[in-house]
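Structure first, commentary second.
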Amino acid sequence: VVMRDPEFDAWNYDLTVMEEKLVEASKLIDAYGVMLDEFKAHGGKLILIQGFCDELVTPYGTDQYFDKITQHYGTEERDSFMRYYRIPGYGHGVGRVFMIDRDFIEILDKWIESDEAPEGMTIPNMLDPTITQTVEPVR
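Residue numbers for the sequence shown follow the working numbering, so the first one is 185 and each next one is one higher.
Encoded structure:
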């Protein structure tokens, strides 16, 4: 996909060509850009979730991304369109210990329609409904 060449041979390649393609692709899919002005201008609201048991995305990387957004926008402006929650036991979309059973679309709709930003929330565990977690947004 990155090379945009169905005949690409990952075993035999020219690193300089591959590097150019990776840099080009990263401009399109890079998750570290903090320029969310257009998103904000259209009324966008963002709930960022990070599982502490995520095997693919380290919580430290997500914390760094959140810090960059805070540096760029400042706390007050950031809080006008974004909330960040860390979820213990949660993995990358799934979890062995904790699986989120919560409708975040409903929360986003409420935030957009009534300008009532989410704060602390109780999240049920899909793996065991008797277990819940109350999480607060990272500040």
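Heads up, the beta-carbon is just placed ideally off N, CA and C, and yes, glycines get one too.
Should residue 296 go down as buried or exposed, given a rule of 16 or more other Cβ atoms within 10 Å for buried? exposed
Can you have a look at residue 238 and say buried or exposed, based on whether 16 or more other CB atoms are within 10 angstroms of its CB? buried
Can residue 305 and residue 319 be called in contact, C-beta distance under 8 Å? yes
Quick check: what's the CA-CA separation for residue 293 versus residue 201? 44 Å
Taking only heavy atoms of the ligand GTP into account, decide whether any of them is closer than 7 Å to the Cβ of residue 257. In terms of ligand content, the structure shown is empty, and the ligand GTP therefore cannot be addressed.
Inside the stretch 231 to 259 only - alpha helix (DSSP H) runs reaching at least 4 residues: 243 to 257
If you check the beta carbons only, do residue 263 and residue 301 fall under 8 Å apart? yes
Since residue 257 and residue 232 are thought to touch, with beta carbons under 8 Å apart, how far apart are those beta carbons, to the nearest angstrom? With a Cβ gap of about 13 Å, residue 257 and residue 232 do not count as contacting.
Assigned exposure category for residue 229 - 16 Cβ within 10 Å defines buried: buried
Three-state class that DSSP yields for residue 202 in the structure shown: helix
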